[in-house]
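Asks: Pasting a structure here, questions to come.
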Amino acid sequence: MATMTKGRVKKTTAKRTKTQTKSPGAKREQVIIFDTTLRDGEQSPGCSMNIAEKIQIAEQLARLHVDVIEAGFPISSPGDFEAVNEIARTVGKIKGGPIIAGLARAKDIDIERCGEAIKPAGKRGRIHTFIATSDIHMREKLRMGRPDVIRAAVHAVELARSFTPDVEFSLEDAGRTDWKFMVEVVEAAIAAGAKTINIPDTVGYCNPWEFGEQIAYLRATAANIDDAIISVHCHNDLGLAVINSLAAVRAGARQVECTVNGIGERAGNASLEEIVMNIATRSDFFPFMTRVNTKEIYRTSRLVATTTGSRVQANKAVVGGNAFAHEAGIHQDGVLKHRQTYEIMHADDVGWTGESMVMGKHSGRHALGKRLEAIGHRLSKEDLEKAYERFKMLCDKKKVVYDEDLHAIIQDEISDVKRVYEIADLQFTSGTAGVPTATVKLNVKGKVKMEAACGDGPVDAICRAIDRIAGKEHRVEKYELGAVTEGQDALGQVTIRVSDGKRTATGRGASTDVVVASAKAYVDAINHLLAMGKAKRRTHPQVGP
Ligand code: KIV
Ligand code: ZN
198 MATMTKGRVK KTTAKRTKTQ TKSPGAKREQ VIIFDTTLRD GEQSPGCSMN IAEKIQIAEQ
258 LARLHVDVIE AGFPISSPGD FEAVNEIART VGKIKGGPII AGLARAKDID IERCGEAIKP
318 AGKRGRIHTF IATSDIHMRE KLRMGRPDVI RAAVHAVELA RSFTPDVEFS LEDAGRTDWK
378 FMVEVVEAAI AAGAKTINIP DTVGYCNPWE FGEQIAYLRA TAANIDDAII SVHCHNDLGL
438 AVINSLAAVR AGARQVECTV NGIGERAGNA SLEEIVMNIA TRSDFFPFMT RVNTKEIYRT
498 SRLVATTTGS RVQANKAVVG GNAFAHEAGI HQDGVLKHRQ TYEIMHADDV GWTGESMVMG
558 KHSGRHALGK RLEAIGHRLS KEDLEKAYER FKMLCDKKKV VYDEDLHAII QDEISDVKRV
618 YEIADLQFTS GTAGVPTATV KLNVKGKVKM EAACGDGPVD AICRAIDRIA GKEHRVEKYE
678 LGAVTEGQDA LGQVTIRVSD GKRTATGRGA STDVVVASAK AYVDAINHLL AMGKAKRRTH
738 PQVGP
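The sequence shown begins at 198 in the numbering used here and counts up one residue at a time.
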């Protein structure tokens, strides 16, 4: 990609005026959009995804035209390795598609595993390696001195270069790193072969004025900085991730790391849609462009929200349910007279077209398959048959079936883990008087097992009955219920995080009956726990960045 060529990027910005404005017709520099929804986003509590879901999101990110997808942290688990590897094999092969990156600590074992994971992407595979450079991280976490950290960084970059020419190096906690030391590390990493230098505000501590200055200082001071692209990666602990990223771009950064809906560790990462729409909407102020197809933003946001169970707040910029709603009479009047009186972006710009009725009970398999493909689900014949059965059942209960319903059906029906337990039947009673009770029949490896239990409510009673069949108690750590679409007949979707005391797993279920959706989600989580148990017995330690 010509715009990613080193050097040229920074030379042009050096001559820019203080306000960085440009005439509308002038050629714009590209800001590379590095999406880390599948890595940093997935690290946010309760947002873990299975491999099938990650692949689906990666395919949608490719349609969104992000430049780089950080698909995971291969050493952290066999599941992460497999996801990065599979995404490299599929999305990494799309002509003109995104680069596929994997994360690796500055350790041989991480880099080797990452190199193996991204291999199918060939030249479009990137290793993103990192080590912390702030005094507090080096002293308290790494217990390493500055020279040791520089040595480790250089070795990591050199080793990564033996797997791919595309190596990114991050100075973890750069936002709290001594600036002179930052420059030393950056110069050494570039000399060792890093093509992208990432400056993360790991703990969301910086503000836009100082972060912009830090990037400007790096550009002005590091001798070989023109041989690499400067990237930033901002966390949102003080609500400044987006503005810090934009300030950095104005100061010379040409890659921004971000996530869909801003999901990520703690308060999250910089939100992709906000960065992209700031650059697009204020093109009078930002002389830049991204390759993002903004019309895919809303669809991507919905997919990530339903997949992770991390719902988007109604007043969230760009993709919130109220982002384009005008409630006050004075605003409605103004918008009717002239849209731009109160609207700086239009819902169409981000692909929000309202819920689209797509299918009804007269739609056949072929039409369903085509529609599913259009919204990003390419299914095998067998899976399409399962989806079709479920679709027909839904048509009996729901007057109109929307794209969102179809996403929910697929998430519910198509699993990447072996279903050791499957619900055969459920009966439950609850009300204002009496004790809620449930009877559950599960298919367990071809045999039907039945148990009954009482509980605080019908969901609790069902979970207890399922535990009796499983012969093991589980603890629900998180429970989220939401409606997939509007209306009384909407599908309820439940996301549940369950622990067996050693591990936790997330499960999802959808049904027009929320108690049934809860039972499905609970069983799905237990099936994931069982699959994790098996995988863990096969390989690898669990690690975190
Ligand atoms: O926040 C951070 O510093 C990170 C790095 C691993 C890039 O996520
Ligand atoms: Zn991060």
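Where is the CB? At the ideal position from N, CA and C, for every residue including glycine.
Taking Cβ positions, are V429 and M474 nearer each other than 8 angstroms?
Replies: Residue numbering aside, residue 429 sits at position 232 when the sequence shown is read from its first letter. Residue numbering aside, residue 474 sits at position 277 when the sequence shown is read from its first letter. It is not a contact, given that the beta carbons lie outside the stated cut-off.
Asks: Which whole-angstrom value describes the C-beta separation of A314 and V354, a residue pair presumed to lie in contact below a C-beta threshold of 8 angstroms?
Replies: Translated into positions along the sequence shown, residue 314 becomes position 117. Translated into positions along the sequence shown, residue 354 becomes position 157. Rounded, the Cβ-Cβ distance is 18 angstroms, inconsistent with contact.
Asks: Among E670, E601, V673, which residue has its Cα nearest to the Cα of E683?
Replies: Position 486 of the sequence shown, counted from the first residue, corresponds to residue 683. Considering only alpha carbons, the answer is E601.
Asks: If I follow the unbroken alpha helix (DSSP H) through L796, where does it start and stop?
Replies: The structure shown has nothing for residue 796, since the chain only spans 198 to 742.
Asks: Along the chain, which unbroken stretches of the alpha helix (DSSP H) at least 4 residues long are found entirely within the region 347-398?
Replies: Counting only runs of 4 or more, we get 376-389.
Asks: From what residue to what residue does the alpha helix (DSSP H) around Q257 run?
Replies: If you number the sequence shown from 1, residue 257 lands on position 60. Looking at the DSSP string, the run of the alpha helix (DSSP H) that includes Q257 is 248-261.
Asks: Can you tell me the Cα-Cα spacing of K534 and K583, whole angstroms?
Replies: Residue numbering aside, residue 534 sits at position 337 when the sequence shown is read from its first letter. Residue numbering aside, residue 583 sits at position 386 when the sequence shown is read from its first letter. Each residue's Cα considered, the two are about 49 angstroms apart.
Asks: Give me, in chain order, the residues of the same chain whose beta-carbon lies closer than 6 angstroms to that of A349; leave out the 5 immediate sequence neighbours on both sides.
Replies: Against the sequence shown, residue 349 aligns to sequence position 152. The answer, listed in chain order, is A303, I328.
Asks: H430 lies in the beta strand (DSSP E); which residues open and close that run?
Replies: Counting from 1 along the sequence shown, the entry for residue 430 is found at position 233. Where H430 is concerned, the enclosing beta strand (DSSP E) stretches over 426-431.
Asks: To the nearest angstrom, how far is it from the Cα of V515 to the Cα of A467?
Replies: Numbered from 1 along the sequence shown, position 318 holds the residue referred to as residue 515. Numbered from 1 along the sequence shown, position 270 holds the residue referred to as residue 467. Spanning the two alpha carbons is a distance of roughly 13 angstroms.
Asks: Distance check for G643 and P295, CA to CA, integer angstroms please.
Replies: Counting from one through the sequence shown, the residue named residue 295 turns up at place 98. Counting from one through the sequence shown, the residue named residue 643 turns up at place 446. If I take the Cα positions, the gap works out to 43 angstroms.
Asks: So which of I572, G561, H325 has the shortest CA-CA distance to K589?
Replies: Residue numbering aside, residue 589 sits at position 392 when the sequence shown is read from its first letter. It is G561.
Asks: Kindly give me the distance between the Cβ atoms of V713 and L623, rounded to whole angstroms, as I take these residues to be in contact under 8 angstroms.
Replies: Position 516 of the sequence shown, counted from the start, is the residue given in the question as residue 713. Position 426 of the sequence shown, counted from the start, is the residue given in the question as residue 623. Contact holds; Cβ gap of about 6 angstroms.
Asks: Secondary structure at K744, three-state DSSP: helix, strand or coil?
Replies: A question about residue 744 goes unanswered here, because the residues of the chain that appear run from 198 up to 742.
Asks: Can you tell me which of R340, C403, A301 puts its alpha carbon nearest to the alpha carbon of E365?
Replies: For the purposes of this step, residue 365 is taken as the residue at position 168 of the sequence shown. It is A301.
Asks: Could you pull the start and end residues of the beta strand (DSSP E) that T701 belongs to?
Replies: Taking the first residue of the sequence shown as position 1, residue 701 is located at position 504. Unbroken beta strand (DSSP E) run through T701: 701-708.
Asks: Run through DSSP, which three-state label would T326 get?
Replies: Taking the first residue of the sequence shown as position 1, residue 326 is located at position 129. It is a strand residue.
Asks: Does the distance between the C-beta of N458 and the nearest non-hydrogen atom of the ligand ZN fall short of 7 angstroms?
Replies: For the purposes of this step, residue 458 is taken as residue 261 along the sequence shown, with counting starting at 1. For the ligand ZN, not one heavy atom lies less than 7 angstroms from the Cβ of N458.
Asks: Measure the alpha-carbon distance for C311 versus L368 and round it to whole angstroms.
Replies: As a first step, residue 311 must be located in the sequence shown, where it is residue number 114. As a first step, residue 368 must be located in the sequence shown, where it is residue number 171. Taking the straight line joining both Cα atoms gives about 18 angstroms.
Asks: When the Cα of T703 is compared with those of G652, D424, N519, Q240, which residue comes out closest?
Replies: Along the sequence shown, read from residue 1 onward, the residue named residue 703 stands at position 506. Measuring from the Cα of T703, the nearest candidate turns out to be Q240.
Asks: On the three-state DSSP scale, how would you describe Y599?
Replies: As a first step, residue 599 is located in the sequence shown; it is residue number 402 there, counting from the start. In the structure shown, Y599 sits in a strand (DSSP, three-state: E or B).
Asks: Looking at the unbroken beta strand (DSSP E) that takes in E619, where does it start and where does it end?
Replies: Working through the sequence shown from its first residue, we reach residue 619 at position 422. Where E619 is concerned, the enclosing beta strand (DSSP E) stretches over 618-626.
Asks: In angstroms with no decimal places, state the Cα-to-Cα distance between R705 and E677.
Replies: Against the sequence shown, residue 705 aligns to sequence position 508. Against the sequence shown, residue 677 aligns to sequence position 480. Rounded to whole angstroms, R705 to E677 spans 10 angstroms at the Cα level.
Asks: If we call anything under 8 angstroms between Cβ atoms a contact, is F270 one with D264?
Replies: Reading the sequence shown from its first residue, position 73 is the one you call residue 270. Reading the sequence shown from its first residue, position 67 is the one you call residue 264. No; because the gap between Cβ atoms is not below 8 angstroms, this pair is not in contact.
Asks: To the nearest angstrom, how far is the alpha carbon of Y539 from that of N519?
Replies: Along the sequence shown, read from residue 1 onward, the residue named residue 539 stands at position 342. Along the sequence shown, read from residue 1 onward, the residue named residue 519 stands at position 322. Going by the C-alpha atoms only, they are around 14 angstroms apart.
Asks: Which residues does DSSP list as the beta-bridge partners of G299?
Replies: Here residue 299 is taken as the residue at index 102 of the sequence shown, counted from 1. DSSP, once it has assigned bridges, lists G269, I324 as partnering G299.
Asks: Taking only the alpha-carbon atoms, compute the straight-line gap between V446 and D305 and give it to the nearest angstrom.
Replies: By one-based count along the sequence shown, residue 446 stands at place 249. By one-based count along the sequence shown, residue 305 stands at place 108. C-alpha separation (whole angstroms): 32 angstroms.
Asks: Measuring alpha carbon to alpha carbon, tell me which of V632, I541, S274, I266 ends up nearest A728.
Replies: Residue mapping note: residue 728 aligns to position 531 of the sequence shown, counting from 1. Nearest C-alpha to A728: S274.
Asks: Quick one: grab the DSSP three-state call for F483.
Replies: In the sequence shown, counting from the first residue as 1, residue 483 sits at position 286. F483 falls in the coil class under three-state DSSP.
Asks: Please classify N441 as buried or exposed, where buried requires at least 16 neighbouring CB atoms within 10 angstroms.
Replies: Within the sequence shown, the letter at position 244 stands for residue 441. Counting Cβ neighbours within 10 Å, N441 comes out buried, since at least 16 surround it.
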